[in-house]
Amino acid sequence: LMMPAFSTCCQELVSRWTLSLGSDGTYEVDACPEFQRLSGDVISRTAFGSNYAEGARIFQLQSVQTPRLLARVKKIIIPGYLSLPTKNNRRMSEINNEIESILLNLIRKRMQAMQEGENTKNDLLGLMLESNMRGTDENGQCISGMTIDEVVEECKLFYFAGTETTSILLTWTMVILSMHPEWQDRAREEVLGLFGKNKIEHEGFARLKTSTM
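Heads up: the sequence shown at position 138 corresponds to 133 in the numbering used here, and the numbers run straight through without jumps.
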């Protein structure tokens, strides 16, 4: 699931950067937000597949919510603060409600498609729901699978757990490579030597010695 999404999103990122090159062949990039966007795009495609646009909207909302959450945590020592109708608390509640509404709509549409016999196993949401349906009885009661609320929380976790860690890792990798350009050259030569300008296939990663996973 991940490799096609990574490949597509990385190609789009490189194409966008290439179009931004100046007449001298250079372009200054603020890497961290670019990689945050890349991580969100990959997770949206991996988690929701054909419903990528809705997934991207969730990422946008959660990126707005993160700094608000951090500001909220600083005041958590105040008794009852989380229940106060402050501007920040109200906005966070609105964002959370919109995220849950989008996810519930996605889940309902996907469950209906599955009940109609469509193949929906090409993303994480489809795999979760397919597994979930095997864990319910004939009355639709959950036996061993997740409840709809739990599926919603898992989908939200994709973004919180995935975007920050991945974007920070990629940004730090670029910092290290910029400090050691000889390793840039070695990694580039290895990748071009193995794959050329062809599409990179998952099986080829096992042959990489410098650019290991």
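Just so you know, even glycine gets a beta-carbon here, dropped at the ideal spot from N, CA and C. All figures in this text were calculated on a predicted structure; none of them were measured in a lab.
Short Cβ contact (9 Å threshold) for residue i with residue j
i: glycine 157; j: serine 34; result: yes
i: glutamine 57; j: tyrosine 154; result: yes
i: glutamate 125; j: methionine 109; result: yes
i: threonine 207; j: phenylalanine 30; result: no
i: leucine 120; j: valine 146; result: yes
i: glutamine 60; j: asparagine 92; result: no
i: arginine 32; j: proline -1; result: no
i: glycine 195; j: serine 2; result: Reading off the sequence shown, one finds isoleucine at residue 195, where the question assumed glycine. The answer is yes: Cβ separation under 9 Å.
i: leucine 64; j: methionine 87; result: yes
Spatially closest choice to residue i from the options, by CA coordinates
i: isoleucine 143; options: Thr81, Glu95 and Lys204; result: Glu95
i: arginine 52; options: Leu79, Leu101, Ser88 and Asn84; result: Leu101
i: phenylalanine 54; options: Leu64, Leu65 and Ile38; result: Ile38
i: threonine 166; options: Glu148, Ala26, Arg202 and Pro74; result: Ala26
i: proline 28; options: Glu159, Val9 and Gly112; result: Glu159
Outcome for residue i when other beta-carbon atoms lying within 10 angstroms are tallied against a minimum of 16
i: methionine 123; result: buried
i: aspartate 118; result: buried
i: phenylalanine 43; result: buried
i: leucine 98; result: buried
i: glycine 50; result: buried
i: arginine 129; result: exposed
i: asparagine 114; result: exposed
Secondary structure of residue i, DSSP reduced to three states
i: aspartate 216; result: Within the shown structure, residues of the chain are numbered from -4 to 208, placing residue 216 beyond reach of any answer.
i: lysine 69; result: coil
i: lysine 194; result: coil
i: tyrosine 22; result: coil
i: proline 80; result: coil
i: serine 34; result: helix
i: threonine 207; result: coil
i: glutamate 111; result: coil
i: glycine 188; result: helix
i: glycine 199; result: helix
i: leucine 64; result: helix
i: proline -1; result: helix
With a cut-off of 8 Å, do at least 3 Cβ pairs link the region 56 to 73 to the region 180 to 187? no
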